[in-house]
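Counting from 2, one number per residue, gives the positions in the sequence shown under this note's numbering. We treat Cβ as the ideally placed atom computed from N, Cα and C, and that holds for glycine. Keep in mind that this is a model prediction, so the values were computed, not measured. Input: a single structure, listed below in structure tokens.
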Amino acid sequence: MEKRIVIVGPSSQILGIKIAQELCVESLNTETKKFPDGENYIRINIENATLITGKEVIIVQSTGPSASADQNARLMELFMMIDSVKSMGAEKIIVVAPYLAYARQDKIFRSGESEFAKSIINMINYFGINEFYSVDVHNPVILNEFSCKAINIDSMKLLADYVKTLGAKDIVVVAPDKGAKERSHAFANHFGENIPVEIFEKKRDVKTGEIKMSSNSNLKDKDVVIADDIIATGGTMATAIELSKASGARKVFAVATHALLLQQAKYRIMKAGADEIIGTDSIDNEVCKVSLAKIIADYLK
Ligand code: R5P
């Protein structure tokens with residue numbers, strides 16, 4: 002009997018089943034609800050707990066917000082699934098959370114704030130897992146907080162391979178802020194040698210969240226690929242697109258590993274002049290054009 006089983010969390014239904022198929026192992030789904038007082042409920046769809054006993058259990062649950070649940074609910078569901086498989090006697094617990102909620106709260110910008118990214122990891126540590134996998138974590142250094150093996154998977158090659166199919170010419174990769182510099186250079190290398198990378202200067206007001214961006218780049222007749230880890234409200238991406246267009250860009254592709262697309266993000270980005278928004282299935286929505294299933298499965302093999 003196969004020793005491994007995949008639990009497909011409610012936030013990663015397509016990605017979870019694809020990972021199970023790549024690994025050729027059985028999968029189980031879940032049922033969820035909210036109690037009238039707002040508490041989360043999740044049950045792994047299993048009739049007999051012995052199906053889990055002694056198994057290596059892979060829980061796939063991205064922790065990004067969506068229309069059906071916010072990140073707090075997704076984290077609670079994750080904790081409850083770990084708790085549940087533990088009580089059913091899982092021998093090894095592997096968590097795959099392609100989007101790690103709260104990862105952007107890794108620094109204190111104003112006194113009185115908390116470095117909550119680390120605390121989230123410590124909560125996962127508390128539940129006791131054996132391995133953790135995420136993708137393009139905002140600041141991968143925070144993974145050092147894990148007391149088990151923790152891997153940050155790089156999706157840049159997959160995203161670049163997708164952009165190549167769109168027929169972009171004279172490519173320039175744009176990093177919308179200094180934080181995206183390294184990632185953008187790595188991304189550019191996937192398009193070939195000597196692909197230029199332009200770093201835009203971004204300042205965000207820590208109180209209001211307002212963004213100011215500047216650049217001296219000349220992007221005349223270039224196809225610009227803007228690569229970021231996250232699109233949340235779309236403010237960063239839309240501003241970078243406007244600047245690229247103002248400096249002459251021909252086409253602009255808005256690429257992010259985790260396209261959360263909150264509020265009016267889609268509208269803002271398209272209105273700014275994007276030709277296409279491209280994300281991965283870390284977030285299950287209409288722009289997830291690149292699947293992480295194979296690369297994640299390869300790490301798990
Ligand atoms: C910030 O450092 C991140 O890398 C993203 O640029 C940011 O989180 C995007 O947020 P928004 O879409 O709200 O501008």
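In whole angstroms, what is the alpha-carbon distance linking residue i and residue j?
{"i": "Ile20", "j": "Ser216", "result": "41 Å"}
{"i": "Leu301", "j": "Pro141", "result": "19 Å"}
{"i": "Gly236", "j": "Gly210", "result": "9 Å"}
{"i": "Ala181", "j": "Arg105", "result": "13 Å"}
{"i": "Ile15", "j": "Asn126", "result": "26 Å"}
{"i": "Cys149", "j": "Ala273", "result": "43 Å"}
{"i": "Lys252", "j": "Phe110", "result": "35 Å"}
{"i": "Arg306", "j": "Ala239", "result": "The first residue shown for the chain is 2 and the last is 302, placing residue 306 beyond what the model contains."}
{"i": "Lys34", "j": "Lys295", "result": "30 Å"}
{"i": "Ala176", "j": "Ile47", "result": "46 Å"}
{"i": "Phe147", "j": "Ala102", "result": "15 Å"}
{"i": "Lys158", "j": "Ile152", "result": "17 Å"}
{"i": "Ala275", "j": "Ala68", "result": "23 Å"}
{"i": "Ser112", "j": "Ile95", "result": "36 Å"}
{"i": "Asn123", "j": "Asn145", "result": "11 Å"}
{"i": "Ser28", "j": "Lys208", "result": "45 Å"}
{"i": "Asn195", "j": "Lys246", "result": "22 Å"}
{"i": "His191", "j": "Glu183", "result": "13 Å"}
{"i": "Ala70", "j": "Asn41", "result": "10 Å"}
{"i": "Gln22", "j": "Ile60", "result": "14 Å"}
{"i": "Leu24", "j": "Ala91", "result": "18 Å"}
{"i": "Arg44", "j": "Glu32", "result": "5 Å"}
{"i": "Asn286", "j": "Ala250", "result": "27 Å"}
{"i": "Asp162", "j": "Gly193", "result": "11 Å"}
{"i": "Tyr268", "j": "Asp299", "result": "36 Å"}
So residue i and residue j are in contact, right, with Cβ under 8 Å, and what is the actual spacing, rounded?
{"i": "Ile231", "j": "Leu261", "result": "6 Å"}
{"i": "Val173", "j": "Phe188", "result": "With a Cβ gap of about 12 Å, Val173 and Phe188 do not count as contacting."}
{"i": "Asp229", "j": "Ala169", "result": "Not quite, the Cβ-Cβ distance comes to about 17 Å (not below 8 Å), so this is no contact."}
{"i": "Val26", "j": "Ile8", "result": "Actually they are not in contact, since the Cβ atoms of Val26 and Ile8 sit about 11 Å apart, beyond 8 Å."}
{"i": "Val164", "j": "Thr258", "result": "About 13 Å; that fails the 8 Å criterion."}
{"i": "Leu160", "j": "Val291", "result": "6 Å"}
{"i": "Leu293", "j": "Ser156", "result": "6 Å"}
Any idea which residues DSSP pairs residue i with across the strands?
{"i": "Ser135", "result": "Asn153"}
{"i": "Leu29", "result": "Ile8"}
{"i": "Asp224", "result": "Ile172, Lys252"}
{"i": "Glu57", "result": "Arg5, Lys93"}
{"i": "Arg44", "result": "Glu32"}
{"i": "Ile232", "result": "Ala260"}
{"i": "Ile200", "result": "Ala176"}
{"i": "Arg111", "result": "Paired residues: none, contrary to the question."}
{"i": "Met214", "result": "Lys203"}
Only counting the same chain, and skipping five residues up and downstream in sequence, which positions put a Cβ closer than 7 Å to that of residue i?
{"i": "Asp107", "result": "Glu116, Ala118, His139, Asn140, Ile143"}
{"i": "Gln62", "result": "Gly10, Ser12, Ser13, Arg75, Glu78, Leu79, Met82, Ala98"}
{"i": "Met89", "result": "Ala50, Ile53, Thr54"}
{"i": "Lys179", "result": "Ile200"}
{"i": "Ile1", "result": "Residue 1 lies beyond the stretch modelled for the chain, which goes from 2 to 302, so this question has no answer here."}
{"i": "Leu244", "result": "Phe201, Met214, Ser216"}
{"i": "Asp171", "result": "Asp222, Lys223, Asp224"}
{"i": "Lys4", "result": "Lys56, Glu57"}
Starting from the C-beta of residue i, find all residues in its chain whose C-beta is less than 6 Å away, skip the five residues before and the five after it, and write them out in chain order.
{"i": "Lys93", "result": "Glu57, Asn131"}
{"i": "Lys213", "result": "Lys204"}
{"i": "Thr234", "result": "Leu263, Gln264, Ala266"}
{"i": "Gly39", "result": "none"}
{"i": "Ala255", "result": "Ile227, Met238, Ile270, Ala275, Ile278"}
{"i": "Ile242", "result": "Val253, Ala273, Gly274, Ala275"}
{"i": "Asn30", "result": "Val9, Asn46"}
{"i": "Ile18", "result": "Val9, Ser28"}
Apart from the five residues just before and just after residue i, which ones in its own chain have a Cβ nearer than 8 Å to its Cβ?
{"i": "Ser248", "result": "Ser216, Ser218, Asn219, Leu220, Lys221"}
{"i": "Cys289", "result": "Ala260, Gly280, Thr281, Asp282, Ser283"}
{"i": "Asp84", "result": "Phe128"}
{"i": "Gly65", "result": "Ser12, Gln72, Arg75, Tyr100, Ala102, His259, Leu261, Ser283, Ile284"}
{"i": "Ser185", "result": "Val174, Val175, Ala176, Val198, Ile200, Ala228"}
{"i": "Lys87", "result": "Ile94, Phe128, Gly129"}
{"i": "Phe36", "result": "Tyr42"}
{"i": "Asn114", "result": "Residue 114 is actually Glu in this sequence, not Asn. For Glu114, where only same-chain residues beyond five positions count, the Cβ hits under 8 Å are Gln106."}
Curious, which full-length alpha helix (DSSP H) runs of at least 4 residues does the stretch 243-292 contain?
266-272
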